[in-house]
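Q: Pasting a structure below so you can have a look.
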Amino acid sequence: MAWKIIKLSFKAIYNNKMRSFLTMLGIIIGVMAVVILVSITQGAASGITDSISDMGSDQITATISGDDASVSADSIESLASYPSIDSVAPVISTSETVKKNSETGSYSIVGVTPSYFTVRDIDIQRGRKIAESDIEWNTNVCVIGTDVASSLFGTWDAVNGTIIIGDSIYKVVGVLEEQGSSLAGSEDSKILIPYSTASRMTGQTGVSSFYIKASSEDTVNSAIRSVESFLLQATRDEEAYDVSNQSEVLDTMSDVTNTMSLLLAGIAAISLLVGGIGIMNIMLVSVTERTKEIGIRKAVGAKRKHIMLQFLCESCALSVLGGVLGLVLSLGAIEVYNLVASSAAAINWSVGIAAIVFCAVIGILFGSYPAAKASRLQPIDALHIS
Amino acid sequence: MIRLKHIYKSYTIGTVEVPVLRNVSLHVRPHEFVAILGPSGSGKSTLMNIIGCLDIPDSGDYILDGEYVDNCTEDKLSEIRGVKIGFIFQQFNLLPDLTAYENVEMPLLYHRISPSERHERVIRTIEQVGLKDRMRHKPSQLSGGQQQRVAIARVLASEPSIILADEPTGNLDSASGKEIMDIIKGLWRDGHTIVLITHDINIANQAERKVYVHDGRLSEKEIYNGMENH
């Protein structure tokens, strides 16, 4: 019985191919909108998430907004003795005008200690890193990012060249490996100088921010707690510092993308709703057209529920078929998008399945009024229409 | 089998109430072949609708197979139609999108019958009307007489106690009309109860008993003299 009714529904859809297709179009477009938009947003989001994770989830960033002098670089170094912490790198960030012959530009200058390279997990491609002796002697040396090297030195080798940062001459001792851009800003466009030199240049004695590398990913949380209690002791002000980890950034990221997805799904759901109204419309037409059929079926023994079920099944088949077609077309569309935008968006199957289920609900919802109307037809009235 | 007692039925057209059946009583016994004869507008179609449980009377009793049907719900009426009554219409009333086989099968889908028995019944009745080689055809590919035979097979498949034929030959040429009447008479001889509605005296004469409808009233002549006994 159930199988026969389903077969009948598809037969009715098949008998009115053009009309069925046009009716389904609303649903097809709706499903495509939902699936494609959500898949692409989440694809983009997972790209960003990956690049954040690449930076290492064992990294912790601490910033101190209070009194400059409250935390000294030396005291921070003591954090490295905690078992949960691998190494600590205090930094002084500033921005200065940099000159090289006729080239002038404003660059981000970062005062670092040798541990910076360990904590941030970066290496140099040529020359050497900032050394302990550079800190000790406040030397005017710098390690530059690849972008800086190419804009100041062009194709020339930057190592052993000189540049003017602010008013002083600095010797370039190394060039960093190329990193590519990331959410946390690229090292490629930074100039690293010894921490003590930066401190003297800016007149800043305390640490404004520092990076911490946890001994492993499992100890990140206890490392965060250690750093927080250390900073609370040092500043005596809970509001004066902020300690954050990549995972928090990731959480924020996923919050944002989830909201985005929800918003898009909501908009697309409206188009599905409009498609549903189209289905209701055509089902009402179909009921009128098939009044005689309904009359015949009732005359030979069909009850109201049978007629109701037949039309409900038909509207459901119409919307679910539309949904499946939409899903298949979305697959193709996402492939094309990946080719054109050279991205790696993948279809979100849970959204796809949800869209199909939603279609079934729409089919039942918008099919129930026409189906009820059909089931209420009196056989005697229905038979007399020729 | 069929017992109509003092049936009254009227339709309201605009604000005017038009009586169609006035105090109609009729008794049809099992295995009887009764022709209801009357001109158009006499009320015979309304009578047929009431006998066929497609409509209910305004007043009076209708007892079908020992069951009062004048206060049944719509679904109960559907069930009675499905089980006890088989319709043969002037317009055949086959579903155009279904094949002959599917048309015969259709009423059985509303019964609680196993698929294998359903198949067996459809094949048997289609064979009975001599259309086995045409059962995959749609009504539009069949002649009028063949379509009416499919309709008869559809009736037989449900194994009803009463067969109601409303001008079964009205849309057929005389040759196919005769064929259909022969089938109907054959069914009567097989023991079916048949009520045939027609305006054609030649058709009505083939029945066992004739009943005349005129201006919403019933009168019996010929075989049975005198009016209903109740």
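Chains as they are written, first to last, in this note's numbering: chain A, 156 to 541; chain B, 955 to 1184. We put the beta carbon where it would ideally sit given N, CA and C, even for glycine.
Determine the DSSP secondary structure at A/SER214, reduced to helix, strand or coil.
A: Your numbering for residue 214 of chain A matches position 59 in the first sequence. As written in the sequence, residue 214 of chain A is Gln, which differs from the Ser given in the question. Correct three-state label for A/GLN214: strand.
Q: Tell me whether A/GLN334 is buried or exposed, calling it buried when 16 or more other Cβ atoms sit within 10 Å of its Cβ.
A: Along the first sequence, read from residue 1 onward, the residue named residue 334 of chain A stands at position 179. So A/GLN334 counts as buried.
Q: Let me make sure I understand the geometry here. Which of A/THR196, A/ILE348, A/LEU418, A/HIS461 has the alpha-carbon closest to that of A/SER288?
A: Numbered from its first residue, the first sequence carries residue 288 of chain A at position 133. Measuring from the Cα of A/SER288, the nearest candidate turns out to be A/ILE348.
Q: Give the residues of chain B in contact with A/GLU448, contact being defined as C-beta atoms less than 9 Å apart.
A: Residue numbering aside, residue 448 of chain A sits at position 293 when the first sequence is read from its first letter. Within 9 Å Cβ-Cβ: LEU1049, PRO1050, ASP1051.
Q: Return yes when the C-beta of A/VAL190 is under 8 Å from any heavy atom of the ligand FMN, and no when it is not.
A: This structure lacks the ligand FMN, and indeed carries no ligand of any kind.
Q: Mind checking the region 1006-1019 of chain B against chain A and listing, in chain order, the residues whose C-beta falls within less than 7 Å of any C-beta there?
A: LEU1008, ASP1009
Q: How big is the Cα-Cα spacing for A/SER530 and B/PHE1043?
A: Working through the first sequence from its first residue, we reach residue 530 of chain A at position 375. Working through the second sequence from its first residue, we reach residue 1043 of chain B at position 89. Going from the Cα of A/SER530 to the Cα of B/PHE1043 covers about 22 Å.
Q: What does B/LEU1189 reach in chain A if we use C-beta pairs closer than 9 Å?
A: Any question about residue 1189 of chain B goes unanswered here, given that chain B covers just 955 to 1184.
Q: Counting only C-beta atoms, is B/ASN1003 closer than 9 Å to chain A at any point?
A: Against the second sequence, residue 1003 of chain B aligns to sequence position 49. Chain A has a Cβ within less than 9 Å of the Cβ of B/ASN1003.
Q: So is A/MET173 buried or exposed if we call it buried at 16+ other beta carbons inside 10 Å?
A: The sequence position of residue 173 of chain A within the first sequence is 18, counting from 1. Classification for A/MET173: exposed.
Q: On the criterion of 16 or more Cβ atoms from any shown chain inside 10 Å, does B/TRP1142 qualify as buried, or is it exposed?
A: Counted from its first residue, the second sequence places residue 1142 of chain B at position 188. Under this definition B/TRP1142 is a buried residue.
Q: Can you have a look at A/ARG380 and say buried or exposed, based on whether 16 or more other CB atoms are within 10 angstroms of its CB?
A: Position 225 of the first sequence, counted from the first residue, corresponds to residue 380 of chain A. Exposed, because fewer than 16 other Cβ atoms sit within 10 Å of the Cβ of A/ARG380.
Q: Within 9 Å (strictly less), CB to CB, does B/GLY1036 reach chain A?
A: Locating residue 1036 of chain B in the second sequence gives position 82, counting from the first residue. B/GLY1036 belongs to the set of residues whose beta carbon lies under 9 Å from a beta carbon in chain A.
Q: Could you give the distance in angstroms between the alpha-carbon of A/VAL362 and the alpha-carbon of A/LEU417?
A: Within the first sequence, the letter at position 207 stands for residue 362 of chain A. Within the first sequence, the letter at position 262 stands for residue 417 of chain A. Taking the straight line from one Cα to the other gives about 42 Å.
Q: Return the CA-CA distance between A/GLY487 and A/LEU476, expressed in angstroms with no decimal places.
A: As a first step, residue 487 of chain A must be located in the first sequence, where it is residue number 332. As a first step, residue 476 of chain A must be located in the first sequence, where it is residue number 321. Annotation: A/GLY487 to A/LEU476 spans about 17 Å, alpha carbon to alpha carbon.
Q: Along chain A, in chain order, which residues have C-beta atoms closer than 7 Å to that of B/ASP1154?
A: Counting from 1 along the second sequence, the entry for residue 1154 of chain B is found at position 200. Neighbours of B/ASP1154 on chain A: none; closest Cβ ~21 Å, over 7 Å.
Q: With DSSP run on the structure shown, which of helix, strand or coil describes A/ASN493?
A: The residue given as residue 493 of chain A occupies position 338 in the first sequence. Three-state result, A/ASN493: helix.
Q: Name, please, each residue of chain A whose Cβ falls closer than 7 Å to the Cβ of B/SER1032.
A: Here residue 1032 of chain B corresponds to residue number 78 of the second sequence, with the count starting at 1. Contact annotation for B/SER1032 against chain A: LYS453, GLY456, ALA457, LYS458 [CB-CB distance below 7 Å, chain order].
Q: What residue range is occupied by the uninterrupted beta strand (DSSP E) comprising B/ARG1072?
A: As a working mapping, residue 1072 of chain B is identified with position 118 in the second sequence. Not the beta strand (DSSP E): B/ARG1072 falls in the alpha helix (DSSP H), residues 1069-1082.
Q: Apart from the five residues on each side of it in sequence, which residues of its chain come closer than 7 Å, Cβ to Cβ, to B/TYR965?
A: By 1-based counting over the second sequence, the position of residue 965 of chain B is 11. The answer, listed in chain order, is VAL972, VAL974.
Q: So if DSSP puts B/SER964 in a beta bridge, which residue, or which two residues, is it bridged to?
A: Locating residue 964 of chain B in the second sequence gives position 10, counting from the first residue. Answer by DSSP bridge pairing, in chain order: B/PRO973.
Q: Below 9 Å on C-beta distance, what does B/TYR1064 contact in chain A?
A: Within the second sequence, residue 1064 of chain B is the residue found at index 110, counting from 1. The contacting residues are MET156, ARG452, VAL455, GLY456, ALA457, LYS458, HIS461.
Q: Provide the residue(s) that pair with A/ASN376 in DSSP beta bridges, ordered along the chain.
A: Taking the first sequence and counting its residues from 1, the one referred to as residue 376 of chain A is at position 221. Paired residues: none, contrary to the question.
Q: Would you kindly work out how many angstroms separate the C-alpha atoms of A/PHE176 and A/LEU473, rounded to a whole number?
A: For the purposes of this step, residue 176 of chain A is taken as the residue at position 21 of the first sequence. For the purposes of this step, residue 473 of chain A is taken as the residue at position 318 of the first sequence. Computed Cα separation, rounded: 9 Å.
Q: Measuring straight from C-alpha to C-alpha, what distance separates A/LEU234 and A/VAL303?
A: Residue numbering aside, residue 234 of chain A sits at position 79 when the first sequence is read from its first letter. Residue numbering aside, residue 303 of chain A sits at position 148 when the first sequence is read from its first letter. Going from the Cα of A/LEU234 to the Cα of A/VAL303 covers about 32 Å.
Q: Which ranges would you report for the alpha helix (DSSP H) in the region 270-354 of chain A if only whole runs of at least 4 residues count?
A: 270-274, 287-292, 301-308
Q: Is there a C-beta anywhere in chain A that falls below 9 Å from the one on B/GLU971?
A: Within the second sequence, numbered from 1, the residue matching residue 971 of chain B stands at position 17. Output row for B/GLU971: interface = no.
Q: Throw me the rounded Cβ distance for the A/VAL246 and A/GLY260 pair, which I believe falls under 8 Å.
A: As a working note, residue 246 of chain A is residue 91 in the first sequence. As a working note, residue 260 of chain A is residue 105 in the first sequence. Actually they do not touch by this definition, with Cβ atoms about 21 Å apart.
Q: Determine which residues of the region 1055-1088 of chain B have a Cβ less than 8 Å from any Cβ of chain A, and write them out in chain order.
A: Going along the region 1055-1088 of chain B in chain order, one finds MET1060, PRO1061, LEU1063, TYR1064, HIS1065 with a Cβ nearer than 8 Å to chain A.
Q: Taking DSSP as the reference, what is the three-state secondary structure of A/GLU258?
A: Taking the first sequence and counting its residues from 1, one reaches residue 258 of chain A at position 103. Here A/GLU258 sits in strand by DSSP.
Q: From the beta carbon of A/ALA515, is the nearest beta carbon of chain B less than 9 Å away?
A: Within the first sequence, numbered from 1, the residue matching residue 515 of chain A stands at position 360. For A/ALA515, the answer is no, since every Cβ of chain B falls outside 9 Å of its Cβ.
Q: With 9 Å set as the bound, which would you pick, yes or no: does the beta-carbon of B/GLU1021 sit closer than that to a beta-carbon of chain A?
A: Numbered from its first residue, the second sequence carries residue 1021 of chain B at position 67. With 9 Å as the cut-off, B/GLU1021 does not count as an interface residue toward chain A.
Q: May I ask you to report which of helix, strand or coil DSSP gives A/TYR237?
A: Looking up residue 237 of chain A in the first sequence gives position 82. A/TYR237 falls in the coil class under three-state DSSP.
Q: Whole angstroms are fine: how far does the CA of A/ILE183 sit from the CA of A/GLY481?
A: For the purposes of this step, residue 481 of chain A is taken as residue 326 along the first sequence, with counting starting at 1. For the purposes of this step, residue 183 of chain A is taken as residue 28 along the first sequence, with counting starting at 1. The alpha-carbon atoms of A/GLY481 and A/ILE183 are separated by roughly 4 Å.
Q: Where does A/GLU251 sit, in a helix, a strand or coil, going by DSSP?
A: The residue you call residue 251 of chain A lines up with position 96 of the first sequence. Reduced to three states, the DSSP call for A/GLU251 is strand.
Q: Jot down the residue ranges of each uninterrupted alpha helix (DSSP H) in the region 477-538 of chain A, minimum 4 residues, whole runs only, in chain order.
A: 504-530, 534-538
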